[in-house]
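*Asks:* The following block contains the structure, expressed as structure tokens.
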DNA sequence: CTGAAAGCGCTTACAG
DNA sequence: CTGAAAGCGCTTACAG
């Protein structure tokens, strides 16, 4: 590998000078000298070693994401994947790489890993509630960007981006109301997610506004696993006092719901309406096409990275960009 | 940040000694000394700087993946995502991080980026054919692992892992034959993918074995985009000389195919049978449940990383592990 | 406008 | 068993 020293020697200048042409400053270099250096860099096929650079600059141009024991999110959760695509796009614009830290499992391990690797920032996508990692990161001094956790980590995260879940839930409920639905069951996701909590709250709130007192019976599944959802829907649809609509916690839950309804011979939306949340790419291909609440996953992913990049580079960020909420959209298809 | 020097001073030893206890060798340290060093490391909350380490060791413990202008694969291609999950699992086992290089677009950029970042290896998942990146990487000296490209990059890649596509295609064709299908259309994917090429070849071969001369008319779509597939299937199903079955290039194509058939009022499998390829997590949730050829995506992802790790660490790899083919499985559901 | 030198935080021969 | 020192490949004050 050719180093800065080789280029210096070959150009008859000092390594300092080579460095200054490499970085376009901060000190000026005489045009002829710069020319000469540039051409020998090209001739020797020189590429500055980013590792050495990181060491002295104390900046790795890398943002980290943790990947746990099971990496099922990437495969089974299109929200996660959609946000990730946005994260990559944002990282590309700002010149960051995205590193998945695989090695760690306990919070302590993770802290160790991060202190060792020196990412410029860390990212959490749809984290579970009640983790103390954000606090640890804060003490380590690595800025944290959190996506899809509402304001639950607002104190310890530098950037919080999410969809406006209250608005999204109301959008869906209002749509069901307009379609004449009064008896609605919520096939709700993992209670350990902030979004689940908020949406549940709004669901109950809206029910009360309709003059209906919500009960535990209105919630089923409590999980994102398709098998669990399938069974829960199957059971609920065979009990007395049938709902006319099911609100699904996300489009994955909606898919399992459609499947259970189909297997029971129920027509959607005639016998039972189904509405999802997220608008996964496959939503329009479901049978029937799924009505759902769209989250701008790509924009959300881009936004965290932009926010973090601003923070890293400008050392500060406007208060109104620290916490960002994107508006959801109601996408009406054939399932309601 | 506390450094090795702080620990040395605080323990009354040299930095060399601290380094040797840190790495458990290669030189022995007196037990009492080691004890003392370990405890001050803990007390000072010391975490060795991986960047500095990488600089001297010339090993980053990182494998890189390129992400292009559009990152749609992660969202729309469950094969890619499934392999990725396996890659993460393998990386975790062997102590590597996975970095997505976002910055580059041209091959030259990419080479530059890689020379700068110094990944221990690079990974390509389902790459398009005819790229010269593999050759460039070879000249850079970074080992390359290729997944899902058959043997097309065998000369320049260090590790090639894939499913046995010939076997997979035969499995599907034989199943269709047994179900009585003689007139089959192949909704084929992007011709720029090795898998597409191989499967097409086997498709034609099997047809000839059946005594049927394949024609251009037997292939439709030539793309992985669902809109393109939808339109192609829609048109084909309204022409004369209807097929009794459609073989889809992957499960995404199969989904769009099912959708088109449904919208035309065709019953699956009664009017038209559909078989997919890959076995995405949603395959069982389609309407009807999709018969498909399963690829062990997770194992494939793990295998590349294991192969590369062996290469990096042992400097060599057995010839039989350099190229690896996993057997596919026929998963029979309700669409055939 | 430019060079010589210190330093980033480690590892590892060299010498005892 | 251990320390002093060189070196990995850069950046950036310091001095001219």
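Chains as they are written, first to last, in this note's numbering: chain A, 430 to 765; chain F, 430 to 765. For each residue, glycine too, the CB sits at the ideal point set by N, CA and C.
Rounded to whole angstroms, what is the Cα-Cα separation between residue 479 of chain A and residue 755 of chain A?
*Replies:* 36 Å
*Asks:* Taking its Cβ as the centre, do 16 or more other Cβ atoms sit within 10 Å of residue 584 of chain F, making it buried, or is it exposed?
*Replies:* The residue is exposed, with fewer than 16 neighbouring Cβ atoms inside 10 Å.
*Asks:* Do the CB positions of residue 621 of chain A and residue 557 of chain A come within less than 7 Å of each other?
*Replies:* yes
*Asks:* My output table needs one value for residue 622 of chain A: the three-state DSSP class, helix, strand or coil.
*Replies:* If DSSP states are grouped into helix, strand and coil, residue 622 of chain A belongs with the strands.
*Asks:* Could you give the distance in angstroms between the alpha-carbon of residue 544 of chain F and the alpha-carbon of residue 721 of chain F?
*Replies:* 41 Å
*Asks:* What are the uninterrupted segments assigned as beta strand (DSSP E) that are 3 or more residues long and contained completely in the stretch 661-696 of chain A, given in chain order?
*Replies:* 674-677
*Asks:* Which stretch, first to last residue, makes up the alpha helix (DSSP H) that contains residue 576 of chain F?
*Replies:* For residue 576 of chain F, there is no enclosing alpha helix (DSSP H); the residue is found in the beta strand (DSSP E) stretching over 573-576.
*Asks:* Indicate whether residue 594 of chain A and residue 565 of chain A have their beta-carbon atoms separated by less than 7 Å.
*Replies:* no
*Asks:* At what residues does the alpha helix (DSSP H) containing residue 437 of chain A begin and finish?
*Replies:* 433-440
*Asks:* Verify the CB distance criterion: does residue 701 of chain F have a CB-CB separation below 7 Å to chain A?
*Replies:* no
*Asks:* So with Cβ pairs under 7 Å, would you call residue 544 of chain A a contact of chain F?
*Replies:* Put simply, the CB of residue 544 of chain A is near chain F, with a gap under 7 Å to one of its CB atoms.
*Asks:* Using a Cβ-Cβ cut-off of less than 7 Å, list which residues of the stretch 689-716 of chain F approach chain A; keep chain order.
*Replies:* 691, 710, 711, 714 and 716
*Asks:* Should residue 735 of chain A go down as buried or exposed, given a rule of 16 or more other Cβ atoms within 10 Å for buried?
*Replies:* buried
*Asks:* Determine which residues of the stretch 651-666 of chain A have a Cβ less than 8 Å from any Cβ of chain F, and write them out in chain order.
*Replies:* Contact residues of the stretch 651-666 of chain A toward chain F are 655 (C-beta to C-beta distance below 8 Å).
*Asks:* Counting contacts by CB-CB distance shorter than 7 Å, is residue 644 of chain A in contact with chain F?
*Replies:* no
*Asks:* Quick check: residue 488 of chain A and residue 549 of chain A, are their CB atoms within less than 7 Å of each other?
*Replies:* Closer than 7 Å, so yes.
*Asks:* Residues of chain F with a CB under 9 Å from the CB of residue 525 of chain A: which are they?
*Replies:* 531 and 532
*Asks:* Any idea what DSSP makes of residue 592 of chain F, helix, strand or coil?
*Replies:* DSSP places residue 592 of chain F within a strand segment (E or B) once states are collapsed to three.
*Asks:* What residues from chain F crowd round residue 725 of chain A, counting only those whose CB sits closer than 7 Å?
*Replies:* Chain F residues near residue 725 of chain A: none, gap ~13 Å exceeds 7 Å.
*Asks:* Excluding sequence positions up to five away, which residues of its chain have a Cβ less than 8 Å from the Cβ of residue 538 of chain F?
*Replies:* The residues are 532.
*Asks:* Interface residues of chain A around residue 514 of chain F at Cβ under 8 Å?
*Replies:* 500, 501, 503 and 504
*Asks:* May I have the straight-line CA-CA distance separating residue 596 of chain F from residue 569 of chain A, to the nearest angstrom?
*Replies:* Cα to Cα, the separation comes out at about 52 Å.
*Asks:* Can the beta-carbon of residue 706 of chain A be found closer than 7 Å to that of residue 739 of chain A?
*Replies:* no
*Asks:* Please list the terminal residues of the continuous alpha helix (DSSP H) segment that includes residue 471 of chain A.
*Replies:* Segment 460-473, the alpha helix (DSSP H) holding residue 471 of chain A.
*Asks:* List the residues of chain F that residue 483 of chain A touches, going by C-beta distances under 8 Å, in chain order.
*Replies:* 480
*Asks:* Check each candidate in F/748, F/469 and F/527 and name the one with the smallest Cα separation from residue 493 of chain F.
*Replies:* F/527
*Asks:* With DSSP collapsed to three states, give me the class of residue 530 of chain F.
*Replies:* strand
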